[in-house]
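Presented below is the structure to which this report refers.
There are 2 protein chains.
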Amino acid sequence: MRVLGVDPGLTRCGLGVVDGALGSRARLVEVGVVRTPAGAEVADRLRAVADGIDAWLDRTRPDAVAVEKVFSQANVRTVMGTAQAGAVAIMLAARRDLPVGLYTPSEVKAAVTGSGRADKAQVGFMVTRLLGLTEVPRPADAADALALALCHLWRGPALARLRAAAPVAPARRPAGAS
Amino acid sequence: MRVLGVDPGLTRCGLGVVDGALGSRARLVEVGVVRTPAGAEVADRLRAVADGIDAWLDRTRPDAVAVEKVFSQANVRTVMGTAQAGAVAIMLAARRDLPVGLYTPSEVKAAVTGSGRADKAQVGFMVTRLLGLTEVPRPADAADALALALCHLWRGPALARLRAAAPVAPARRPAGAS
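Here you go:
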């Protein structure tokens, strides 16, 4: 299975693709960052992020996409760029019929380091070790994107099985109702 | 000038298109709401909102799009759907090279009622009167989308002139820098 991890942001949007299967070592396919200038209009920045993500989806052809979930206790001003870039990533993946996994930062940290309170350095160290790299991917957003992809590789199949086994919760409000 | 107003949301995304020019009465072209079921996955909901907005852009061919700006003092949990659906609307408009205006709820209220603290009923009443309609558009999200479009019709040209006259603020961090 090939997973694209997206650490969403407007200034830096981390993107990382890994190949792997349960029980075998994961392999780095590609890692990088889409940047947009802080002084540009939000519309131009979101468009640049969307174009970057679409180019990665075209080139790397992942089977699934993992996106960081916004931490609901955070401050609106600081998480707005994350929420906006994340929504664009989720939507572009959904339009390609790719399954999308959403994970909180602590779920990602726990998946790759064993602790939900690990710091950036620990995440970078473990991503480097788990993928057998010779150096830590930079910037931190790139390493975080790889951590998201690894988290989905290991948690995604279990979540999909749970979802298939459990009855779907009924919508609180049916589509088309007022 | 034709403007599409978007009152973003996942449960109900209000869409309203108006034609108008400074000094003449604005005319309603179309108004409605895209709904997605509250129990569905975020990825499916964002995709449905994106498909709905794209269909409106294809059909109504606006010259500009006005989207509600998320109020930065709000609670993250309550504004997340607004931020996500708004980001999708902004990005889809930008990909079509349409100018995008972002307005806070109080800017919109002030534009159509004269007061930034007007309530929903007042906004609905004024939208009905300004567009010469026989009844208030329902639900409130539909009326709010029309109010956004009217706000842009009246404020957009002035903002564009200001932007053309003023030197562009330099980016705090140039594109491509780390």
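Protein chains in written order, with full-length UniProt numbering: chain A, 1 to 178; chain B, 1 to 178.
Glycine residues also receive a C-beta, built at the ideal position from the N, C-alpha and C atoms.
**Prompt:** Where do the ends of the beta strand (DSSP E) carrying D54 of chain B lie?
**Reply:** Taking the second sequence and counting its residues from 1, one reaches residue 54 of chain B at position 54. Per DSSP, D54 of chain B lies in no beta strand (DSSP E) segment; the continuous alpha helix (DSSP H) that holds it begins and ends at 42–60.
**Asked** From which residue to which residue does the alpha helix (DSSP H) around L130 of chain B run?
**Response** For the purposes of this step, residue 130 of chain B is taken as residue 130 along the second sequence, with counting starting at 1. Where L130 of chain B is concerned, the enclosing alpha helix (DSSP H) stretches over 120–130.
**Message:** Assuming contact is defined by CB atoms lying nearer than 8 angstroms, are V127 of chain A and P137 of chain A in contact in what I supplied?
**Reply:** The count along the first sequence starts at 1 and reaches residue 127 of chain A at position 127. The count along the first sequence starts at 1 and reaches residue 137 of chain A at position 137. Cβ distance < 8 angstroms, so V127 of chain A and P137 of chain A count as in contact.
**Item:** Per-residue burial, A121 of chain B [other beta carbons within 10 Å of its own, 16 or more giving buried]
**Value:** Residue 121 of chain B sits at position 121 when you count from the first residue of the second sequence. Exposed: under 16 other Cβ atoms inside 10 Å.
**Contacts around A149 of chain B, its chain only, beta-carbon distance under 6 angstroms, and the 5 residues preceding and following it disregarded** = Translated into the one-based positions of the second sequence, residue 149 of chain B becomes position 149. V3, G5, G16, V18, A66, listed in sequence order.
**Prompt:** When you compare only the Cα positions, how much space is there between L92 of chain B and T113 of chain B?
**Reply:** If you number the second sequence from 1, residue 92 of chain B lands on position 92. If you number the second sequence from 1, residue 113 of chain B lands on position 113. If you take the alpha carbons of L92 of chain B and T113 of chain B, they lie about 29 angstroms apart.
**Asked** Looking only at C-alpha atoms, which of B:G14, B:P37, B:G156 sits nearest to A111 of chain B?
**Response** Here residue 111 of chain B refers to the residue found at position 111 when the second sequence is read from its first residue. Of the listed residues, the one whose Cα sits closest to A111 of chain B is B:G156.
**Prompt:** Under a three-way DSSP split, which group does A66 of chain B fall into?
**Reply:** Working through the second sequence from its first residue, we reach residue 66 of chain B at position 66. Annotated three-state conformation of A66 of chain B is strand, per DSSP.
**Request:** Using a threshold of 8 angstroms, state whether the C-beta atoms of G9 of chain B and T82 of chain B are closer than that.
**Result:** Position 9 of the second sequence, counting from 1, holds the residue named residue 9 of chain B. Position 82 of the second sequence, counting from 1, holds the residue named residue 82 of chain B. In this structure, G9 of chain B places its C-beta atom within 8 angstroms of the C-beta atom of T82 of chain B.
**Asked** Does any residue of chain B bring its CB to less than 8 angstroms from the CB of L102 of chain A?
**Response** Along the first sequence, read from residue 1 onward, the residue named residue 102 of chain A stands at position 102. Chain B, which has a Cβ nearer than 8 angstroms to the Cβ of L102 of chain A, makes this yes.
**Item:** Distance between beta carbons of V108 of chain B and A85 of chain B, contact taken as under 8 angstroms
**Value:** Translated into the one-based positions of the second sequence, residue 85 of chain B becomes position 85. Translated into the one-based positions of the second sequence, residue 108 of chain B becomes position 108. 16 angstroms between Cβ atoms; not a contact.
**Message:** Going by DSSP in three states, E107 of chain A sits in which element: helix, strand or coil?
**Reply:** What you label residue 107 of chain A is simply residue 107 of the first sequence in a count that begins at 1. E107 of chain A falls in the helix class under three-state DSSP.
**A165 of chain B versus E30 of chain B - alpha carbon distance** = Your numbering for residue 165 of chain B matches position 165 in the second sequence. Your numbering for residue 30 of chain B matches position 30 in the second sequence. A165 of chain B and E30 of chain B: Cα-Cα distance of roughly 34 angstroms.
**Asked** Measuring CA to CA, which of B:L46, B:A145, B:T11, B:R25 is closest to V100 of chain A?
**Response** As a working note, residue 100 of chain A is residue 100 in the first sequence. If we check each option's Cα against that of V100 of chain A, B:L46 comes out closest.
**Message:** What residue range does the beta strand (DSSP E) around G32 of chain A cover?
**Reply:** As a position in the first sequence, residue 32 of chain A is number 32, starting the count at 1. Its beta strand (DSSP E) spans residues 27–35.
**Message:** So, with DSSP's three-state summary, where would you put A177 of chain A?
**Reply:** Your numbering for residue 177 of chain A matches position 177 in the first sequence. Any reading at A177 of chain A needs caution, since the residue's pLDDT is 40, under 50, leaving its predicted position unreliable; the model's value is listed next. Secondary structure at A177 of chain A: coil, using DSSP grouped into helix, strand and coil.
**Prompt:** Nearest-angstrom Cα distance between L28 of chain A and V34 of chain B?
**Reply:** Within the first sequence, residue 28 of chain A is the residue found at index 28, counting from 1. Within the second sequence, residue 34 of chain B is the residue found at index 34, counting from 1. Looking at the two C-alpha atoms, the distance is approximately 40 angstroms.
**Item:** Nearest-angstrom beta carbon gap, V88 of chain A and V88 of chain B [assumed within contact, 8 angstroms]
**Value:** In the second sequence, residue 88 of chain B corresponds to position 88, counting from 1. In the first sequence, residue 88 of chain A corresponds to position 88, counting from 1. Confirmed, about 7 angstroms.
**Per-residue DSSP class, three states only, for L150 of chain B** = Within the second sequence, the letter at position 150 stands for residue 150 of chain B. Three-state DSSP puts L150 of chain B in a helix.
**Prompt:** So, T104 of chain B versus F71 of chain B, is the Cβ gap smaller than 8 angstroms?
**Reply:** For the purposes of this step, residue 104 of chain B is taken as the residue at position 104 of the second sequence. For the purposes of this step, residue 71 of chain B is taken as the residue at position 71 of the second sequence. In contact: T104 of chain B and F71 of chain B (Cβ atoms closer than 8 angstroms).
**Prompt:** Relative to the C-alpha of L57 of chain B, which residue among B:D144, B:R12, B:R95, B:L131 is closest?
**Reply:** What you label residue 57 of chain B is simply residue 57 of the second sequence in a count that begins at 1. The shortest CA-to-CA distance from L57 of chain B to any of B:D144, B:R12, B:R95, B:L131 is the one to B:R95.
**Request:** Anything in the region 44–61 of chain A with a Cβ closer than 7 angstroms to a Cβ of chain B? List those residues in chain order, please.
**Result:** So the close ones are D44, L46, R47, A50.
**Request:** Compare the Cα-Cα distances from A26 of chain A to each of A:A142, A:G132, A:A140, A:A143 and report the closest residue.
**Result:** Here residue 26 of chain A corresponds to residue number 26 of the first sequence, with the count starting at 1. When only C-alpha atoms are compared, the closest one is A:G132.
**Request:** Pull up the CB-CB distance for D44 of chain A and D141 of chain A, whole angstroms please, since I reckon it's below 8 angstroms.
**Result:** By one-based count along the first sequence, residue 44 of chain A stands at place 44. By one-based count along the first sequence, residue 141 of chain A stands at place 141. Their Cβ separation, rounded to whole angstroms, is 20 angstroms, which puts D44 of chain A and D141 of chain A out of contact at 8 angstroms.
**S3 of chain A (DSSP reduced to helix, strand or coil)** = Counted from its first residue, the first sequence places residue 3 of chain A at position 3. The residue asked about is misnamed: residue 3 of chain A is Val in this sequence, not Ser. Note: V3 of chain A maps to strand in three-state DSSP.
**Message:** Under 9 angstroms, CB to CB, which of the residues in the region 22–41 of chain A have a partner in chain B?
**Reply:** So the close ones are V33, R35, T36, P37, A38, G39, A40, E41.
**Request:** Starting from the C-beta of E68 of chain B, find all residues in its chain whose C-beta is less than 8 angstroms away, skip the five residues before and the five after it, and write them out in chain order.
**Result:** Reading the second sequence from its first residue, position 68 is the one you call residue 68 of chain B. The answer, listed in chain order, is V6, D7, P8, T82, G86, L102, Y103, T104, P105, V108, D144, L148.
**Message:** Quick check: is the beta carbon of V108 of chain B nearer than 8 angstroms to any beta carbon in chain A?
**Reply:** Locating residue 108 of chain B in the second sequence gives position 108, counting from the first residue. V108 of chain B is outside the set of residues whose beta carbon lies under 8 angstroms from a beta carbon in chain A.
**Message:** For residue 179 of chain A, list the residues DSSP reports as bridge partners.
**Reply:** The displayed coordinates of chain A run from 1 to 178. Any statement about residue 179 of chain A would go beyond what the structure contains.
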